[in-house]
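Notes for the one structure printed next.
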Amino acid sequence: MDIRERIAKRVAKEFEDGDIVNLGIGLPTLVANYIKDDIEVIFQSENGFVKMGPAPTEDAVDPDIVNAGGLPVTVLPGAAYFDSAVSFGIIRGGHVDATVLGALQVDEVGNLANWMIPGKMVPGMGGAMDLVVGAKKVILAMEHTAKGRPKILRECTLPLTAKKEVNLIVTEMGVFEITPGGMILREMASDTTVEQIQAVTEADFIVADPLKIMED
Amino acid sequence: MDIRERIAKRVAKEFEDGDIVNLGIGLPTLVANYIKDDIEVIFQSENGFVKMGPAPTEDAVDPDIVNAGGLPVTVLPGAAYFDSAVSFGIIRGGHVDATVLGALQVDEVGNLANWMIPGKMVPGMGGAMDLVVGAKKVILAMEHTAKGRPKILRECTLPLTAKKEVNLIVTEMGVFEITPGGMILREMASDTTVEQIQAVTEADFIVADPLKIMED
Amino acid sequence: MKKFISMDEAMDMLHDGMTVMIPGFMGVGTPETLVDGMVKKGIKDLHIICTDTARPNIGIGKLIVNGQVKKLYASHIGTNPETGRMMNEGLIDVTLIPQGTLAERIRAGGAGLGGFLTPTGVGTVVEEGKQKLVVDGKDYLLELPLTADVALIRGSKVDRKGNIWYNAATRNFNTVMATAAKIVIVEAQELVEVGEIDPNNVMTPGIFVDYVVKGDA
Amino acid sequence: MKKFISMDEAMDMLHDGMTVMIPGFMGVGTPETLVDGMVKKGIKDLHIICTDTARPNIGIGKLIVNGQVKKLYASHIGTNPETGRMMNEGLIDVTLIPQGTLAERIRAGGAGLGGFLTPTGVGTVVEEGKQKLVVDGKDYLLELPLTADVALIRGSKVDRKGNIWYNAATRNFNTVMATAAKIVIVEAQELVEVGEIDPNNVMTPGIFVDYVVKGDA
Chain A
692 MDIRERIAKR VAKEFEDGDI VNLGIGLPTL VANYIKDDIE VIFQSENGFV
742 KMGPAPTEDA VDPDIVNAGG LPVTVLPGAA YFDSAVSFGI IRGGHVDATV
792 LGALQVDEVG NLANWMIPGK MVPGMGGAMD LVVGAKKVIL AMEHTAKGRP
842 KILRECTLPL TAKKEVNLIV TEMGVFEITP GGMILREMAS DTTVEQIQAV
892 TEADFIVADP LKIMED
Chain V
692 MDIRERIAKR VAKEFEDGDI VNLGIGLPTL VANYIKDDIE VIFQSENGFV
742 KMGPAPTEDA VDPDIVNAGG LPVTVLPGAA YFDSAVSFGI IRGGHVDATV
792 LGALQVDEVG NLANWMIPGK MVPGMGGAMD LVVGAKKVIL AMEHTAKGRP
842 KILRECTLPL TAKKEVNLIV TEMGVFEITP GGMILREMAS DTTVEQIQAV
892 TEADFIVADP LKIMED
Chain B
130 MKKFISMDEA MDMLHDGMTV MIPGFMGVGT PETLVDGMVK KGIKDLHIIC
180 TDTARPNIGI GKLIVNGQVK KLYASHIGTN PETGRMMNEG LIDVTLIPQG
230 TLAERIRAGG AGLGGFLTPT GVGTVVEEGK QKLVVDGKDY LLELPLTADV
280 ALIRGSKVDR KGNIWYNAAT RNFNTVMATA AKIVIVEAQE LVEVGEIDPN
330 NVMTPGIFVD YVVKGDA
Chain P
130 MKKFISMDEA MDMLHDGMTV MIPGFMGVGT PETLVDGMVK KGIKDLHIIC
180 TDTARPNIGI GKLIVNGQVK KLYASHIGTN PETGRMMNEG LIDVTLIPQG
230 TLAERIRAGG AGLGGFLTPT GVGTVVEEGK QKLVVDGKDY LLELPLTADV
280 ALIRGSKVDR KGNIWYNAAT RNFNTVMATA AKIVIVEAQE LVEVGEIDPN
330 NVMTPGIFVD YVVKGDA
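Residue numbers (the working numbering), protein chains in the order written: chain A, 692 to 907; chain V, 692 to 907; chain B, 130 to 346; chain P, 130 to 346.
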């Protein structure tokens with residue numbers, strides 16, 4: 692199984708029946724493919740609707756319906772559209788159970804940097820700052836390193852998206868929970884070791900006992 | 692012509708084509724009967740719609756449509772309904788051209804008291820405080836005195852609805868404009884004199900020259 | 130997830146001393162069946178957030194007359210003489226809030242805002258105890274968010290997922306209140322199939338609604 | 130009152146240096162015909178308030194590429210590489226605003242609020258130069274209202290009184306922007322008779338709209 696799919700599949704296990712979830716662009720979008728059949732997860736798209744469905748077939752594309760990445764999507768029965776003020780009222784008001792986002796950097800107290808690299812790339816924060824502050828649970832779905840360099844740091848060096856808001860980090864190597872007592876490695880992939888994880892993780896972390904093995 | 696009708700008729704002359712107007716309960720409601728035929732005035736009802744029409748016939752009453760006084764009304768073609776947050780966004784945001792209200796007291800700098808008499812009557816301000824602050828023009832439609840005692844004072848003694856927001860006072864005796872330079876008597880009823888007005892008005896006012904005579 | 134419940138199940142969630150938001154303008158848009166259930170159950174010491182107390186025999190007025198309200202937040206109580214009488218006798222503690230400020234405070238509660246600046250009430254008794262800020266040379270009051278334990282909503286058409294459509298002037302405080310309480314129960318005037326309300330015209334998305342009951346009215 | 134005007138008459142109202150709100154999310158919900166008119170007229174030194182600059186050949190992206198924008202307020206510019214390039218070369222002054230804060234600032238501008246307190250951006254560069262307030266032990270930024278000279282709106286169905294209905298995800302910033310500008314011009318995708326939009330489902334009441342034009346799209 693592809694690294695990205697492994698991450699998406701593990702993230703999908705975090706959700707319960709009835710949860711309202713906002714998925715970021717890129718890897719997080721894949722999470723929708725792995726929701727268990729016996730639960731209903733409601734996807735919110737911050738550009739203005741709930742009950743987002745999969746991409747349409749080419750001949751069924753409606754130019755008025757795109758997701759937060761600007762790609763054509765569909766809506767499921769029971770959907771509702773609204774404007775951006777209502778959409779971010781939903782987000783900021785704590786009505787979204789979980790948001791899944793990527794990261795450039797995250798640190799051991801849950802600070803997140805995912806919206807700019809000074810002098811290089813300044814796409815803007817879009818809805819990320821509101822989502823990270825407003826969602827009840829902030830889950831990062833990301834590859835463990837960027838070109839071999841650690842992304843899970845002692846302290847973020849890039850401009851922050853939000854302070855101390857991250858709850859869970861899921862990478863292809865393991866699952867970390869950020870707690871007031873520190874970052875805890877809860878699960879580890881079957882194809883790695885704690886030592887290997889430590890080697891590519893700058894942040895300090897506690898190893899849970901027992902340490903679960905991530906399902907593939 | 693009845694005193695109240697005279698006041699309502701004079702207030703109605705203040706409006707221009709396309710104006711959005713909110714009428715208070717009681718005397719101000721009568722204003723709607725005197726709008727010139729060649730202009731369109733849009734009435735806003737703060738409980739949630741624009742393009743309010745007249746009262747329905749008894750068999751056409753819709754329990755879901757009442758005005759701000761709780762009485763059955765109709766809506767005209769082109770109407771729109773909205774919630775209270777939007778309604779007061781319209782009001783506070785300066786989208787209402789004029790509000791017409793009654794008064795317990797008003798003073799020469801445009802302070803208004805119309806929502807409570809301590810120890811006696813505390814109905815609450817309802818939407819009045821928002822209307823008086825938000826409407827572009829605040830018009831008082833009121834009888835000149837209360838049981839012979841002046842209502843237009845040097846300084847209001849009752850708890851205020853808003854400070855310095857009143858623009859025009861229309862009574863059965865005349866029309867006063869509140870300006871930074873003081874209160875000006877712009878028009879006088881044909882059945883009174885400046886001296887008679889002064890006798891029942893505590894506030895100081897300037898008499899416009901020329902002084903117009905109010906149409907009956 | 131089961132949202133559709135019986136009136137009895139709804140009443141099981143309401144207890145003495147709770148803070149409850151109830152919409153309606155002079156009773157229009159108020160969930161009368163839920164209010165009647167509260168009267169029948171005799172829940173006491175309620176904190177009620179509403180814009181007015183209607184009339185003695187209508188909507189929230191019935192809870193007032195029945196002596197079930199301890200604390201009231203409202204913009205207008207003049208149409209129900211009982212509210213004024215009980216306030217004067219010290220039986221109900223009343224906080225009066227300008228109607229627009231009330232709507233906005235509830236909206237802020239539901240939208241995660243810490244408050245907002247409004248010009249309404251500046252220079253009046255409404256400003257007592259509030260922080261005053263100057264923006265661009267103009268005075269504003271800082272008004273804080275309002276939330277509740279429960280919001281009782283009245284939808285004209287409601288589907289089993291909790292999507293709501295309100296008819297005419299019944300919308301008033303329903304939409305904001307549906308966002309600002311821990312438990313949101315909607316009374317359906319008409320229960321419709323999922324999809325029957327055009328997703329474009331849904332006025333309260335079902336994600337805000339915890340439970341749906343069928344009203345008698 | 131005449132609201133229905135020609136595209137030429139609409140363009141006569143737009144001038145160099147104006148602050149213009151343009152809705153749309155990656156172009157969806159953007160009044161393309163009005164934007165094309167602005168490109169054709171070559172209005173310069175515009176201050177644009179929008180959530181994103183779409184792509185170089187779509188929506189607001191066209192104004193960027195054509196060098197007509199001097200100052201930009203947006204939440205995201207990543208999908209149009211030209212915006213970033215021109216920002217880096219000092220050709221456009223860009224202020225980045227979190228998307229929810231942007232929507233709320235425009236709403237505040239239209240609703241007469243002096244500002245609002247949001248937790249979004251606390252502890253980030255967004256808080257620079259802003260007043261910080263603590264409510265109930267939590268930190269908030271005071272964000273101020275945004276208004277404009279003109280708002281260009283795109284309605285899916287519009288009547289001659291200016292009542293608007295938006296389809297699907299095209300609503301986004303249209304509703305708030307329609308409340309927050311001195312002149313509001315709506316581009317009708319479909320022009321309908323007054324009354325054809327159910328008064329319950331009107332999403333922008335015509336009282337907010339000054340002019341209606343017919344779009345090509």
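Virtual Cβ for every residue (Gly too), placed ideally from N, Cα, C.
Pop quiz: residue i and residue j are said to be a contact at Cβ under 8 Å. What is the actual Cβ separation, rounded to whole angstroms?
i: T852/V; j: T253/B; result: 7 Å
i: V323/B; j: K286/B; result: Rounded, the Cβ-Cβ distance is 12 Å, inconsistent with contact.
i: V824/V; j: T249/B; result: 5 Å
i: K842/V; j: V797/V; result: 7 Å
i: T224/B; j: T247/B; result: Wrong, their Cβ atoms sit about 16 Å apart, outside the cutoff.
i: V791/V; j: V712/V; result: 7 Å
i: A317/B; j: K343/B; result: 5 Å
i: A183/B; j: I189/B; result: 5 Å
i: M864/V; j: P227/B; result: Incorrect: roughly 31 Å between the Cβ atoms, too far for contact.
i: A819/A; j: N802/A; result: In fact, because the Cβ distance is near 13 Å, the residues do not count as touching under 8 Å.
Where do the N-terminal and C-terminal ends of the alpha helix (DSSP H) with residue i fall, by residue?
i: T884/V; result: Segment: none, T884/V is in no alpha helix (DSSP H) and carries neither H nor E.
i: V651/A; result: Residue coverage of chain A in this structure runs from 692 to 907, which leaves residue 651/A outside it and unanswerable.
i: F779/V; result: S775 to R783
i: G166/B; result: E161 to K170
i: E138/B; result: M136 to D141
i: T304/P; result: N303 to M306
Taking the beta strand (DSSP E) that residue i falls in, what are its first and last residues?
i: I312/B; result: A310 to V321
i: D278/B; result: A277 to D288
i: V198/P; result: V198 to A203
i: N910/A; result: As shown, chain A starts at 692 and ends at 907. That puts residue 910/A outside it, with no answer to give.
i: G744/A; result: F740 to G744
i: E868/V; result: G865 to T870
i: V757/V; result: Unbroken run through V757/V: none, as it is neither H nor E.
i: D798/A; result: Q796 to D798
i: Y340/B; result: Y340 to K343
Please name the residue, chosen from the options, that lies closest to residue i on a Cα-to-Cα basis.
i: K855/V; options: E868/V, M864/V, T862/V and R877/V; result: E868/V
i: S717/A; options: E696/A, G872/A, V752/A and M874/A; result: Per the sequence presented here, residue 717/A reads as Gly, with Ser not at that position. Of the candidates E696/A, G872/A, V752/A and M874/A, the one whose C-alpha sits nearest the C-alpha of G717/A is E696/A.
i: E218/P; options: K199/P, I314/P, E319/P and I178/P; result: K199/P
i: E257/B; options: D265/B, N296/B and Y269/B; result: Y269/B
i: A723/A; options: E737/A, G744/A and G739/A; result: G744/A
i: G156/P; options: N738/A, L721/A, D900/A and T765/A; result: N738/A
i: L220/B; options: D174/B, C179/B and E233/B; result: D174/B
i: Q197/B; options: A232/B, A297/B and T148/B; result: T148/B
i: L275/P; options: D265/B, L271/B and M306/B; result: D265/B
i: P814/V; options: I726/V, M864/V and G760/V; result: G760/V
i: P185/B; options: N296/B, V168/B, F133/B and A237/B; result: V168/B
i: I830/A; options: I694/A, A699/A and M692/A; result: A699/A
i: A770/V; options: I312/P, I293/P, A203/P and R300/P; result: I293/P
i: E834/V; options: E846/V, P850/V, I860/V and K811/V; result: I860/V
I want to verify the contact list: residues of chain A whose CB lies under 7 Å from the CB of residue i, in sequence order.
i: N292/P; result: Correct list: empty, because the minimum Cβ distance to chain A is about 16 Å.
i: G207/P; result: P814 and G815
Below 7 Å on C-beta distance, what does residue i contact in chain B?
i: L851/V; result: G252 and T253
i: P768/A; result: V323 and G324
i: R701/A; result: Residues of chain B passing the Cβ test: none, with the nearest at roughly 24 Å.
i: P227/P; result: Per Cβ cutoff of 7 Å: no residues; P227/P is ~13 Å from chain B at best.
Since residue i meets chain P, which of its residues come closer than 9 Å, beta carbon to beta carbon?
i: V264/B; result: G243, G244, L271, L273 and P274
Just the chain V side, please: which residues come within less than 7 Å of residue i by C-beta, in chain order?
i: L220/B; result: In chain order: nothing, as chain V lies at least about 15 Å away.
i: G239/P; result: G780 and G784
Taking C-beta pairs closer than 8 Å, name the residues in chain P that residue i reaches, listed in chain order.
i: K286/B; result: Those within 8 Å of K286/B in chain P number zero; the least Cβ separation is about 10 Å.
At 7 Å on the CB atoms, spell out the chain P contacts of residue i, in chain order.
i: N301/B; result: Per Cβ cutoff of 7 Å: no residues; N301/B is ~13 Å from chain P at best.
Which residues in chain B sit within 9 Å of residue i, going by Cβ to Cβ distance?
i: K854/V; result: V251, G252 and T253
Would you list, in sequence order, the uninterrupted alpha helix (DSSP H) runs of no fewer than 4 residues that lie entirely inside the segment 183-244 of chain B?
189-194, 210-217 and 228-240
Please give the ranges of any beta strand (DSSP E) in the segment 814-857 of chain V, keeping only runs that are unbroken, at least 3 residues long and fully inside the region.
Counting only runs of 3 or more residues that sit fully inside the segment 814-857 of chain V, the beta strand (DSSP E) segments are 828-832, in chain order.
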